[in-house]
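Heads up: the structure comes next, in structure tokens.
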Amino acid sequence: MWVSLFVSSTVPLSAHLPQLRSRKKVTSARTLQIRTFETYKDQLIRQTEVGHVDEAISTLDLMSRANLTPDLTTYSVLLKSCIRTRNFRLGQLVHSRILESGLKLDSFVLNSLLSLYSKSGDQKMAEEIFESMGDTRDLVSWSAMISCYAHSGSNFEAVQKFVEMVQFGEHPNQFCFSAALRACSSREYAWMGLAIFAFLLKTGYFESDVCVGCALIDLFAKGFGDLGLAKNVFDAMHEKNSVSWTLMITRTAQMGSPEDAIEMLLDMVTEGYIPDSFTFSSTLSACSELGWLYIGQQLHSWLFKNDLWLDVYVGCSLVDMYAKCAAYNSMGDSRKAFDRMPEHNVMSWTAIITGYVQSGECGMEAIKLYLQMLTEAMVKPNHFTFAALLKACGNLLDPNLGVQIHNHLVKFGLSSDDCVVNSVISMYAKTDRMDDARKAFELLFEKNLVSYNTMIDGYARNLEPNEAFELYNQTKISGTCGDAFTFASLLSGAASIGAVGKGEQMHGRLLKAGFACNQHVCNSLVSMYARCGNIEAAFQVFEEMGDRNVVSWTSIITGFAKHGLANRALELFKKMLDFGVKPNEITYVAVLSACSHAGLIDDAWRHFHSMYNEVGIKPRMGHYACMVDALGRMGSLDTAAQFIKSMPFRADAHVWRSLLGACRVHGNTELGKLAAMEILEQEPNDPAALVLLSNLYASSGKWENVAKIRKSMKVQNLIKEAGCSWIEIAKKVHKFYVGDTKHPQAQQIYEELDQLGRRIREMGYVPDTNFVLHEVEEELKEQILSQHSEKIALAFGLISTSKSMPIRIFKNLRVCGDCHTAMKYISMATGREIVVRDYNRFHHIKDGKCSCNDYW
DNA sequence: GTAGGGTTAG
Numbered sequence: 001m002w003v004s005l006f007v008s009s010t011v012p013l014s015a016h017l018p019q020l021r022s023r024k025k026v027t028s029a030r031t032l033q034i035r036t037f038e039t040y041k042d043q044l045i046r047q048t049e050v051g052h053v054d055e056a057i058s059t060l061d062l063m064s065r066a067n068l069t070p071d072l073t074t075y076s077v078l079l080k081s082c083i084r085t086r087n088f089r090l091g092q093l094v095h096s097r098i099l100e101s102g103l104k105l106d107s108f109v110l111n112s113l114l115s116l117y118s119k120s121g122d123q124k125m126a127e128e129i130f131e132s133m134g135d136t137r138d139l140v141s142w143s144a145m146i147s148c149y150a151h152s153g154s155n156f157e158a159v160q161k162f163v164e165m166v167q168f169g170e171h172p173n174q175f176c177f178s179a180a181l182r183a184c185s186s187r188e189y190a191w192m193g194l195a196i197f198a199f200l201l202k203t204g205y206f207e208s209d210v211c212v213g214c215a216l217i218d219l220f221a222k223g224f225g226d227l228g229l230a231k232n233v234f235d236a237m238h239e240k241n242s243v244s245w246t247l248m249i250t251r252t253a254q255m256g257s258p259e260d261a262i263e264m265l266l267d268m269v270t271e272g273y274i275p276d277s278f279t280f281s282s283t284l285s286a287c288s289e290l291g292w293l294y295i296g297q298q299l300h301s302w303l304f305k306n307d308l309w310l311d312v313y314v315g316c317s318l319v320d321m322y323a324k325c326a327a328y329n330s331m332g333d334s335r336k337a338f339d340r341m342p343e344h345n346v347m348s349w350t351a352i353i354t355g356y357v358q359s360g361e362c363g364m365e366a367i368k369l370y371l372q373m374l375t376e377a378m379v380k381p382n383h384f385t386f387a388a389l390l391k392a393c394g395n396l397l398d399p400n401l402g403v404q405i406h407n408h409l410v411k412f413g414l415s416s417d418d419c420v421v422n423s424v425i426s427m428y429a430k431t432d433r434m435d436d437a438r439k440a441f442e443l444l445f446e447k448n449l450v451s452y453n454t455m456i457d458g459y460a461r462n463l464e465p466n467e468a469f470e471l472y473n474q475t476k477i478s479g480t481c482g483d484a485f486t487f488a489s490l491l492s493g494a495a496s497i498g499a500v501g502k503g504e505q506m507h508g509r510l511l512k513a514g515f516a517c518n519q520h521v522c523n524s525l526v527s528m529y530a531r532c533g534n535i536e537a538a539f540q541v542f543e544e545m546g547d548r549n550v551v552s553w554t555s556i557i558t559g560f561a562k563h564g565l566a567n568r569a570l571e572l573f574k575k576m577l578d579f580g581v582k583p584n585e586i587t588y589v590a591v592l593s594a595c596s597h598a599g600l601i602d603d604a605w606r607h608f609h610s611m612y613n614e615v616g617i618k619p620r621m622g623h624y625a626c627m628v629d630a631l632g633r634m635g636s637l638d639t640a641a642q643f644i645k646s647m648p649f650r651a652d653a654h655v656w657r658s659l660l661g662a663c664r665v666h667g668n669t670e671l672g673k674l675a676a677m678e679i680l681e682q683e684p685n686d687p688a689a690l691v692l693l694s695n696l697y698a699s700s701g702k703w704e705n706v707a708k709i710r711k712s713m714k715v716q717n718l719i720k721e722a723g724c725s726w727i728e729i730a731k732k733v734h735k736f737y738v739g740d741t742k743h744p745q746a747q748q749i750y751e752e753l754d755q756l757g758r759r760i761r762e763m764g765y766v767p768d769t770n771f772v773l774h775e776v777e778e779e780l781k782e783q784i785l786s787q788h789s790e791k792i793a794l795a796f797g798l799i800s801t802s803k804s805m806p807i808r809i810f811k812n813l814r815v816c817g818d819c820h821t822a823m824k825y826i827s828m829a830t831g832r833e834i835v836v837r838d839y840n841r842f843h844h845i846k847d848g849k850c851s852c853n854d855y856w
């Protein structure tokens with residue numbers, strides 16, 4: 001603090017060095033005496049400009065001690081620099097000094113104070129000053145006040161003030177217009193913006209002022225959601241600058257046309273405008289959105305030359321861009337971008353944490369970084385950080401970690417932040433704790449649409465669609481009509497349980513609600529129909545879509561693949577490439593699984609290689625599993641095993657299960673044993689592997705081992721997830737567990753089951769009790785088998801539907817082998833078509849045959 | 001003394 005005393009405006013700093021070293025010897029009294037009012041004033045302003053608040057305050061104190069009372073001009077200048085440097089604390093202090101001084105305030109100072117409180121978000125103080133001004137208000141006061149309201153989200157008040165001003169007889173200038181228009185750039189107030197726009201047209205400010213132009217761009221972009229109109233305004237503006245270009249680029253990217261945004265950047269440069277850190281930050285986000293690593297890298301080298309990468313926002317955008325392109329193996333570059341940032345703040349820490357979370361498989365790394373952020377960097381997390389962390393916990397499916405993070409955010413005082421609570425709900429929903437999710441939801445102070453959507457999505461995902469639809473009805477009661485997310489979640493809820501009736505109902509509602517052209521909603525529709533078994537309806541929606549993205553194509557290709565219609569899937573994939581749509585890694589899972597189901601091994605290899613060589617997507621676990629499946633299906637078991645060994649990372653249980661399934665079908669016990677052991681090492685309770693292993697031991701007479709496995713299965717109560725099946729009858733879903741007797745029509749169902757059992761036995765069906773995992777008497781095994789959930793659902797379907805309709809049954813796990821056999825007999829016995837969707841695919845069973853060719 | 005653009009929950 002004392003150091004500042006020796007710094008005068010006329011003498012260079014170095015001249016004071018000897019004095020600084022022996023500053024105790026110099027008496028401040030002597031120094032004070034020679035200081036004049038003007039030097040103090042200069043010093044004050046300089047200190048304010050460089051943000052030395054404490055020093056400026058002590059200078060003020062020194063002035064009064066030296067009986068040099070600052071005059072109004074000094075205060076005015078001081079206030080101005082406080083505003084310019086956003087030094088609100090000092091500004092407030094100056095305000096109180098002015099009041100103490102008893103000076104009479106003029107409208108210049110009052111306007112400055114108004115601006116100070118407006119910018120610091122203190123609406124109340126701004127209002128107080130504005131009211132106190134009475135007739136001395138001028139255009140500056142009005143526009144500062146309107147701006148204050150717009151800034152703090154009091155949009156209605158902003159427009160009200162604008163109207164009041166006009167009624168007062170003032171003629172609004174460009175500042176007033178842009179502030180008032182800015183208050184209208186939301187759906188709710190866009191109509192008021194239109195009225196102001198009409199007024200504006202009578203003045204000359206529309207084309208002439210860049211800020212007014214920017215406000216109008218946002219009125220049409222954000223308020224009306226119409227990028228075309230926003231572009232019209234942009235094109236009509238006589239004067240453009242980097243800000244208006246950047247705004248237009250940003251909105252274009254945000255509103256679903258990131259490709260156009262990048263093109264606009266080139267236009268901007270061609271027309272001679274210099275992109276700045278804001279521009280790069282936005283265009284990098286556009287690259288992230290598109291997954292355009294190459295363009296992102298070009299931008300990176302461009303901004304590297306200008307030192308713009310030193311900007312925190314740009315740095316964060318780089319981290320984000322490389323993370324979102326992680327399919328191209330660029331997560332390392334994301335980390336490098338983070339490590340090379342000159343300094344780290346909450347935002348950059350959050351960016352890298354979010355990056356790891358979004359890249360999919362690095363949730364633990366995100367948690368580690370969070371701890372590093374807390375303990376080493378001592379940076380306090382904010383709500384963005386927790387949003388990312390909670391997402392990580394949801395992905396990791398670790399409820400305990402989720403609870404710990406939940407406790408942390410309570411400690412950091414963020415438990416009342418709506419965004420954070422919505423993330424908490426999502427985390428609990430993803431970790432199958434709907435009760436905890438519900439608790440968090442109920443505790444929410446204000447439930448918004450996102451809260452409802454998260455809960456609806458949670459119920460849908462946890463196969464409780466009835467709760468999902470009930471909550472949807474509540475949203476209508478509470479007045480928040482659903483948006484695209486709501487419909488997408490409800491459709492995926494309907495899809496997850498295969499409730500095509502509910503899905504059709506939602507289809508009707510969303511058409512009425514005006515979402516017929518919404519890409520996100522239509523993608524969900526395609527997926528819903530496909531997953532509900534009505535692949536042709538899915539295809540129709542897809543065909544009628546005007547605007548298709550990679551998700552649309554992937555959804556329909558996946559649909560055809562799951563239905564075993566490989567040729568149509570591959571045909572569409574070709575068409576997709578012809579259309580110039582770039583496939584992503586999920587598209588390739590669909591393509592490879594289509595090849596696999598159709599036994600097209602050459603095509604599978606071709607696509608597997610080209611996905612990396614031509615498209616640049618590194619194959620992940622799912623792709624390897626598809627290849628193992630394809631090889632196994634055609635009996636190339638050894639090649640499949642070798643392929644697994646050649647993988648660049650350790651094969652997971654899923655990959656080995658593919659091999660195991662193939663071994664079972666092709667009767668290769670040795671390799672089957674190896675696969676089962678590998679699975680059990682990673683998932684010790686996997687029922688399929690245990691059963692297979694025990695059967696293998698039984699067939700080679702190793703009864704001791706059989707007993708061991710059976711015992712351990714019993715002890716561990718092995719079934720992780722209770723198997724259940726369901727069927728939709730008249731838009732209502734009926735769910736059944738093994739041996740379930742809770743259904744009101746249970747008696748009829750079991751009578752039907754008995755009858756069916758007798759008929760198919762006569763036709764040659766023999767129950768395969770190997771599929772019973774409990775160690776019980778053979779007779780009891782047969783009984784358990786006959787009461788498997790899929791059989792109960794089928795019996796219920798037979799007694800509840802007319803003969804002409806196919807029966808659609810859904811199961812959360814893979815369909816049991818014995819049930820699969822029984823259903824083929826039942827299809828013959830009853831002449832009915834049975835469609836079963838299990839965890840893995842669709843089985844279309846007709847006349848004793850299944851579309852999966854007994855391989856799944 | 002008054003105005004505009006950049007991480008965000010589903």
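Heads up: the first sequence runs through residues 1 to 856, numbered per full-length UniProt numbering.
Note that CB positions come from ideal geometry on N, CA and C, so glycine has one too.
Count the other CB atoms within 10 Å of the CB of residue i; is the residue buried (16 or more) or exposed (fewer)?
i	result
Cys819	buried
Leu284	buried
Gln43	buried
Cys816	buried
Ile196	buried
Lys24	Low local confidence applies: a pLDDT of 38 at Lys24 is under 50, so the model's placement there is unreliable, with the coordinate-based value given in what follows. Lys24 should be labelled exposed.
Gly121	exposed
Thr48	buried
Ala676	buried
Among the options, which has the Cα closest to the Cα of residue i?
i	options	result
Lys803	Leu303, Ser827, Phe810 and Leu265	Ser827
Gln787	Gln747, Thr801 and Ile807	Gln747
Lys324	Arg837, His406, Trp292 and Met347	Trp292
Thr250	Lys240, Ile262 and Glu239	Ile262
Cys724	Gln404, Ala468, Leu813 and Met63	Leu813
Leu229	Ser242, Asn241, Val550 and Cys214	Cys214
Arg340	Met545, His734, Phe304 and Cys287	Phe304
Thr270	Trp245, Leu565 and Cys316	Trp245
Lys202	Lys512, Phe177 and Lys222	Phe177
Asn232	Glu239, Val243 and Ile217	Ile217
Glu585	Pro619, Lys562 and Asp578	Pro619
Thr821	Lys41, Leu785 and Arg841	Leu785
Leu449	Asp418, Arg461 and Ala460	Asp418
Lys336	His300, Val706 and Leu659	His300
Output yes or no for whether 9 angstroms exceeds the beta carbon distance between residue i and residue j.
i	j	result
Ser552	Val589	no
Ala689	Arg657	yes
Leu114	Ser96	no
Gly193	Gly223	yes
Ile146	Ala179	yes
Gly360	Lys731	no
By Cβ distance, which residues of its chain are closer than 8 angstroms to residue i, with the 5 residues on each side in sequence left out?
i	result
Val521	Ala484, Phe487, Ala488, Leu491, Leu510 and Phe515
Ser185	Gly193, Ala215, Asp218, Leu219, Ala221, Lys222 and Gly223
What residues in its chain sit with their C-beta under 7 angstroms from that of residue i, if we drop five residues either side in the sequence?
i	result
Leu103	Leu72
Gln358	Ala323 and Lys324
In chain order, what residues of the same chain have a beta carbon less than 6 angstroms from the beta carbon of residue i, not counting five sequence neighbours either side?
i	result
Phe736	Ser725, Ser789, Ile792 and Ala793
Met321	Leu284, Cys287, Ser288 and Gly296
Thr27	Summary for Thr27: the model assigns pLDDT 44, below 50, so the residue's position carries little reliability, and this model does not support an answer.
Asp226	Phe220
Report yes if the C-beta of residue i is less than 8 angstroms from at least one heavy atom of the ligand FMN; otherwise report no.
i	result
Arg65	Questions concerning the ligand FMN fall outside what the structure shown contains, since it holds no ligand whatsoever.
Pull up the CB-CB distance for residue i and residue j, whole angstroms please, since I reckon it's below 8 angstroms.
i	j	result
Gly564	Cys852	7 angstroms
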